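Following: one structure in structure tokens, then a few remarks.
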Amino acid sequence: MPFVMQNKRTDQLYTCTLVNNYDLAYYGVKYWSEREEAEEQVHAFILSIEGLAAEEWQIIELEEREMKLCNVKLKNDANHALFWLPTRKSEVRKVEN
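So the sequence shown is residues 1346 to 1442, counted in this note's numbering.
Below you can see the structure in the form of structure tokens.
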């Protein structure tokens, strides 16, 4: 099961440019495959991103199909923000630059 970063206040999932198995870049949900891996790496990852505060983020577990659907909804577009609602549904919002 994938483990992702969720903002505690806004419910937004952390998204960024990633690289798939074919070495192709895409915009999607940052994830870790194992909880232990996520817990070990998330703090250093957050510190590497300017403007993120560790206390604002938590690790949550999604089902594989849920995460794949989230990535589809993002449409490979960095102008979209993704939110994971308490109903276990995702919502995409256009980001104004």
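Every residue, glycine too, gets a C-beta built ideally from N, C-alpha and C. Please read these numbers as outputs of a predicted model, since none were measured by experiment.
| Check | Outcome |
| --- | --- |
| Compute the Euclidean distance between the alpha carbons of GLY1373 and GLU1381, then round it to the nearest angstrom. | 21 Å |
| Let me check understanding here. Comparing Cα to Cα, which of TYR1371, HIS1425 and ILE1391 lies closest to GLU1400? | ILE1391 |
| Quick one, which of ASN1424, TYR1376, ILE1394 and LEU1397 has its alpha-carbon nearest MET1412's? | TYR1376 |
| Go through the stretch 1382 to 1419 residue by residue and report every complete run of the alpha helix (DSSP H) that reaches 4 residues or more, in order. | 1409 to 1419 |
| For ALA1370, write down the residues that DSSP places opposite it in a beta bridge. | VAL1364 |
| What number of angstroms, rounded off, separates the C-alpha of GLN1386 from the C-alpha of PHE1348? | 11 Å |
| Who are MET1350's beta bridge partners in DSSP? | ILE1404 |
| Taking the beta strand (DSSP E) that LYS1439 falls in, what are its first and last residues? | 1435 to 1439 |
| Compute the Euclidean distance between the alpha carbons of TRP1402 and ALA1423, then round it to the nearest angstrom. | 20 Å |
| Using the Cα positions of ARG1438 and TRP1429, report the straight-line distance between them to the nearest angstrom. | 11 Å |
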